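According to this note's numbering, the residues represented by the sequence shown are 196 to 984, in order. Note that the Cβ used here is the ideal one computed from N, Cα and C, for glycine as well. Here the structure is a predicted model, which means the values were calculated and not measured.
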Amino acid sequence: MRIPIRSSARRLMALLGATALATAGLATVATPAQAAVSCQVTYTKAWDNGSGFGANITITNTGDPLTSWSLKWTWSGNQGGIQGWSANYSQSGQNVTATNLSYNGSLATGASTGIGFNASYSGTNTNPSSFSINGVTCGGTTPTPSLVVSPTSVSVPEGGTATYAVRLSSAPASNVTVTTTAGSGDGNLTVSAGGSLTFTSANWNTNQNVTLAAAEDSDTTNGTRPFTVASSGLTSVTVNATEADNDGTTTQSLVVSPTSVSVSEGSTATFGVRLAVAPSANVTVTTTAGTGDSNLTVSAGGSLTFTPSNWSTVQNVTLAAAEDSDSTAGTRPFTVASSGLTSVTVNATEADNDGGPVTPRADNPYAGAGVYVNPQWRAKAQAEPGGSRIANQPTGVWFDRISALTGNGSPTTGTMGLADHLDQAVIQDAANGSAPMVIQIVVYNLPGRDCAALASNGELGATELPRYKAEYIDVMASILARPAYANLRVVAIIEIDSLPNLVTNVGGRATATVMCDTMLANGGYVQGVGYALNKLGAIPNVYNYIDAAHHGWIGWDDNFGATANMMFSAATASGSTAANVHGFITNTANTSALTEPYVGTITEQLRQTTWIDWNRYNDELTFAQAFRQRLITAGFSSSIGMLIDTSRNGWGSCVQTPCQPTQATRPTAPSTSTDLNTFVNQSRIDRRIHKGNWCNQAGAGLGERPRANPATGIDAYVWIKPPGESDGSSSLIPNDEGKGFDRMCDPTYTGNARNGNSMSGALPNAPVSGHWFSAQFQQLMANAYPPLS
């Protein structure tokens, strides 16, 4: 299910952030365990609109292990009305107490836990100046931000420009002005833009660019000049600029990167080659193997031709490592050469799979790989008129009950269990040549599952986390860890419709549900996701991608950062670490448009429209790329990748009814209307009545076909929701799968707070979620964009 949050006054202001850090040295008090309490508390304001705000708090235990904690602080103003998560909150006057829940009270030395809340105020909203844990004060200092500049060395082409980026390391207490000034050196190198930048508590962690220019001159010198990036009270940073002169004859050379590669046994690896400058005639570059492990060979790109037109385009050389029976990680040098030029040596190392070191995970598991086609879904697709056009597309394999792991014969998951699918993936891998094989599995059985919906409720009750661990995750992990499947790349989609609910559908909001409040209080989602990440992440060929909602659910200021922080809390729960997370997926089983080319950039004016509703985002690609950066800020690795489910967000012209009542034809140009609401509605690709409508949307079509590396930061477009599988029944249908009837799947339903009290936009006559829905499958094909051939 996908649930947006309607507009409120707090979305009228830009996102504000402020951080207060309190640290204490070792302080000792008498506790029942005679523990020495020492603590560090980080308080970060997530948003502030002048009357309401949200904050995230990280508690770090720097003393003896704790079995429980009580955090206290005092407001200087009239802040109150706390609605929080991950702690029990109480307030008396200006004094606030937050105590641990059952699952996060134990903190080992050095361990941290995160909590947060939303609250209201009038007048001034000053951060607390002091915190205490179990009666021990944790200091009261505010960290000074530092300048983050990258890169600190740039090459500026003569007659052209180059840029470097500047941001702050933490939120400032007030606006910070950063200037760039030129030092002594080549006077042709100057600042052409960004010489003075302003950072606020809202944009402190957003890169702003400084542009350097190199004027044309007649000399042949590659001049240099330092530029000082500075701000009052902060340590300055020097950027060294070098002019890339174009007046003399630059020596031709081979540019090779990287010059050291690891080649997995039975697989391949590449390095890139280009020329330094344009040649006057074609140049042939060869790669030859030297003395070493003969299992390492050149499999492609052994001879490359560079011309005056393609000299700067990188061409790849592919090295292969043959399967062998030894356990030696052999090496071999390869010489990249061209007549008259200095050769370059690339050193290759075989990553052995015969008992040697474990092959590291690929940065992008989809790159260069085949992806498993589920034979059960393929058979259903092929049985439909026209279905053969997409029957060989890879889709996600869902495991929505414990019995699905062994094959339960249900209409949702069929007779094949996890091992059956993995066996078939091995067969498909054998027929796939040297390319690796990805299989996509959906881990979807949390206790109290999908707490804000009924159509996709599960078999486990709110308190059945032990069963989830022992009977579901442990069994899944034991199957995935079998040696027979070690060469597969298993992409595990972790628990859709879970963690974002703990931010958007709790704590007194109009969208709150009792079950979501329960799952927040008992830690079932956070601990369950952490446990799954920890167990599956320990298997070397498993790639965990956490479900990250979609732009119409968490694209608002009060949800965006809080959800990222909640996900980091889950990733570090139950013994897991953030290293167990390979990436995130957005738009799972949803229909949010991939791009909105005719609406364009979201301005403050467009944010006021009914459709955009003060959201910062209006399409999945922009949202996914921005959320990736926010997740990195929250603590995840900068190497994380994003997936976007494009199985049902094509929104071609609605040629097969029923359609949405908005408009049936896919726009081909921006509207000419001067009325903002009309402009957006006539220009948008997504033709749902409301972004909160998620169930079996009428008029939807197949989206982009699955493929790797489609855009910056995006590992792949995927079809995790198999087209043709229902989101939920349009009327009550008794079943033994624990799935209820959600009125959002009823086409006659007039809505609720989660969809702005709008019509549901759902198709009629839909079966239970996960069951085959032929009418929807036919409509998805008919309304596909790009169209099917």
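query	result
CA-to-CA distance, Val621 to Ser868, given in whole angstroms	55 angstroms
The alpha helix (DSSP H) enclosing Met611, as first and last residue numbers	Note, Met611: premise wrong, no alpha helix (DSSP H); not H, not E.
Residue(s) in a DSSP beta bridge with Leu789	Paired residues: none, contrary to the question.
Rounded Cβ spacing between Gly390 and Thr374 (contact assumed at less than 8 angstroms)	6 angstroms
Collapsed DSSP secondary structure at Trp748 in the structure displayed	helix
Those runs of the alpha helix (DSSP H) which lie wholly inside the stretch 680-731 and span at least 4 residues	696-699, 709-717
Among Val566, Ala473, Val512, Tyr740, the one whose alpha carbon lies nearest that of Val776	Tyr740
Entirely enclosed alpha helix (DSSP H) segments - the stretch 791-852, minimum 4 residues	799-802, 815-829
Where Val352 falls: helix, strand or coil (DSSP)	For clarity, residue 352 is Pro in the given sequence; the question names Val instead. In the structure shown, Pro352 sits in a strand (DSSP, three-state: E or B).
Buried/exposed call for Leu683, threshold 16 Cβ in 10 Å	buried
Length of the line joining the Cα atoms of Cys333 and Val236	7 angstroms
Cβ distance (whole Å) where Ala768 is taken to contact Val721 below 8 angstroms	5 angstroms
Euclidean distance between Cα positions of Ile597 and Glu666	7 angstroms
Local Cβ density within 10 Å of Leu514, reported as buried at 16 or more and exposed below that	buried
Spatial neighbours of Pro959 in its chain, beta-carbon cut-off 7 angstroms, leaving aside the 5 residues before and after	Ser925, Pro942
For Trp280, the first and last residue of its enclosing beta strand (DSSP E)	275-280
Backbone CA spacing between Ser538 and Val724 [nearest angstrom]	51 angstroms
Other residues of its chain near Ala906: CB distance less than 8 angstroms, five sequence neighbours each side excluded	Leu816, Gln820
For Cys333, three-class secondary structure by DSSP	coil
Length-filtered (4 minimum) alpha helix (DSSP H) runs lying within the stretch 553-607	570-577
Where Gln858 sits in the DSSP three-state scheme	coil
Coarse secondary structure for Arg882, derived from DSSP in three states	coil
Backbone CA spacing between Ile200 and Cys711 [nearest angstrom]	At Ile200, the pLDDT of 41 sits below 50, so the modelled position is not reliable; the number obtained from the coordinates is stated separately. Their Cα atoms are separated by approximately 15 angstroms.
Own chain partners of Val541 with C-beta closer than 6 angstroms, once the 5 adjacent residues on each side are dropped	Thr454, Phe466, Phe529
Beta-carbon gap between Gly160 and Ala576 smaller than 7 angstroms	No answer is possible for residue 160: the residues shown for the chain start at 196 and end at 984.
Buried or exposed by the 16-neighbour rule on C-beta atoms within 10 Å, applied to Arg677	exposed
Residue range of the alpha helix (DSSP H) that includes Asn971	Reading off the sequence, residue 971 comes out as Gln, not Asn. Here the alpha helix (DSSP H) through Gln971 covers 969-977.
Cut-off 7 angstroms between Cβ atoms - residues of its own chain near Gly418, not counting five sequence neighbours on either side	Gly380, Asp381, Asn383, Leu384, Glu438
Buried or exposed (CB count within 10 angstroms, at least 16 for buried), Ser504	exposed
The stretch 251-262 touching the stretch 293-312, judged by at least three CB pairs closer than 8 angstroms	yes
Proximity winner among Gly898, Ala408, Ile909, relative to Ala977 (alpha-carbon distances)	Gly898
Thr401 versus Glu932: straight-line alpha-carbon distance, rounded	46 angstroms
Ala687 beta carbon less than 7 angstroms from that of Ile734	no
Inter-stretch contact at 8 angstroms, needing at least 3 Cβ pairs: the stretch 651-659 / the stretch 585-592	no
Status (buried if at least 16 other CB within 10 Å, exposed otherwise) for Asp753	buried
Where Thr544 sits in the DSSP three-state scheme	strand
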